[in-house]
Amino acid sequence: MNSSGICLGDDEERCIKKFVSLETRIRTSPKYHLMACLIQKNMSTLLQAIICLLYNEVLFLKNNRNLIHESSNIRLCRKFNEFNSPFKAIQFYNKTISKDVWKYIAITRNPIDRFISNFIDRCIRKPTKGIKSCNGCHFNMTCFIISEYNYMLKESNSLVLRREFEDMHFFPQNWRCSFRKMISNYTIIKYQNKNNKNIEEVISSLNNIFHQQKVPNSTLEFIKSQLLSSRTMHTTVDTKARTFFEDRLLNSPFLMEYIVRMYYYDFKLFNYTIPEINF
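In terms of UniProt numbering, the sequence shown is numbered consecutively and its last residue is 279.
Put into structure tokens, the structure is as follows:
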């Protein structure tokens, strides 16, 4: 058996279901008819800051805010433009904005790249619960992958999902953003964090969308200059730990099978190549 047979036919029940409703974080810019869905570890902090800027440029700049340092804990737009579903946002603005004019944005990431980045950030660099972090596995990636797979399998069949801190970062991307009903409405931007060229491509894709929504050139230039000036504090791409754990994962058919089973529908729905695994 190789990866081409995973999650097909009778094997599908061993894979994590698609479109379970976990969480949706919507940020809006009614001025430009933009609705962005945040997915943790997919430039979510920066996307949130950008949409806050586009919610009210004058307020953002008057308060000397910076896109790079606009963290969730100190965000300027807290409660101003935040919704837990696109449908609630549409309903809130329906007297002034037709539901048909909104532009929906979501940023996705290759599931393997996202998993490694999350594991380094959540389990290695800054575990939040000491030795109990990451399902009690701490630095042990094999332990964590197996336990998180089992949690996903259980939760995908539950009426009420557990909401551990790790789950918000590791559960599938397709469980967010009301994708079950609205995936075809979204413009999906693929994010990689390998080098500056990848970041420039994301910025270009975002600015193309913003330009279509009549965002002024001066604001587009501000966004571009801010995002190219610095990487955020969560970045793991240059760390030795990332290289170590990435090599270990990619060279283990045993672990890669779990990863494919966990994120099979992220690979399929967002058009990422499923890695070849030879057992």
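Glycine included, C-beta positions come from ideal geometry on N, C-alpha and C.
Tyrosine 263 - containing beta strand (DSSP E), residue span: According to the DSSP assignment, tyrosine 263 belongs to no beta strand (DSSP E) but to the alpha helix (DSSP H) extending over 253 to 269.
C-alpha distance - asparagine 118 paired with histidine 169, whole-angstrom precision: Histidine 169 has its alpha-carbon roughly 7 Å from the corresponding atom of asparagine 118.
N- and C-terminal bounds of the alpha helix (DSSP H) containing arginine 242: Counting along the chain, arginine 242 sits inside the alpha helix (DSSP H) bounded by residues 240 to 250.
Alpha carbon of tyrosine 272 to alpha carbon of aspartate 266, nearest angstrom: One C-alpha to the other measures close to 8 Å.
Alpha carbon of methionine 233 to alpha carbon of glutamate 164, nearest angstrom: Low confidence applies to methionine 233: its pLDDT is 46, below 50, so where it sits in the model is not reliable enough to give any reading.
Those residues which DSSP pairs with tyrosine 191 across a bridge: Answer is Arg109.
The alpha helix (DSSP H) enclosing cysteine 143, as first and last residue numbers: Cysteine 143 -> alpha helix (DSSP H) spans 141 to 155.
Inter-residue Cα distance where the pair is lysine 240 and serine 98: Those two C-alpha atoms are separated by around 49 Å.
For lysine 103, the residue or residues it bridges with in DSSP: Beta-bridge analysis with DSSP links lysine 103 to Leu34.
Given alanine 106 as reference, the closest of Phe222, Trp175, Leu38 once Cα atoms are compared: Ranking the options by Cα distance to alanine 106, first place goes to Leu38.
Per-residue DSSP class, three states only, for phenylalanine 170: Per DSSP, reduced to three states, the secondary structure at phenylalanine 170 is helical.
Exposed unless 16 or more other CB atoms sit within 10 angstroms - verdict on threonine 243: Exposed, since its Cβ has fewer than 16 Cβ neighbours within 10 Å.
Reduced DSSP category for methionine 233 - H, G, I as helix; E, B as strand; rest coil: Bear in mind that the predicted position of methionine 233 carries a pLDDT of just 46, short of 50, making it too unreliable to give a figure here.
Beta-carbon gap between leucine 46 and valine 215 smaller than 8 Å: With contacts defined by Cβ atoms closer than 8 Å, leucine 46 and valine 215 do not form a contacting pair.
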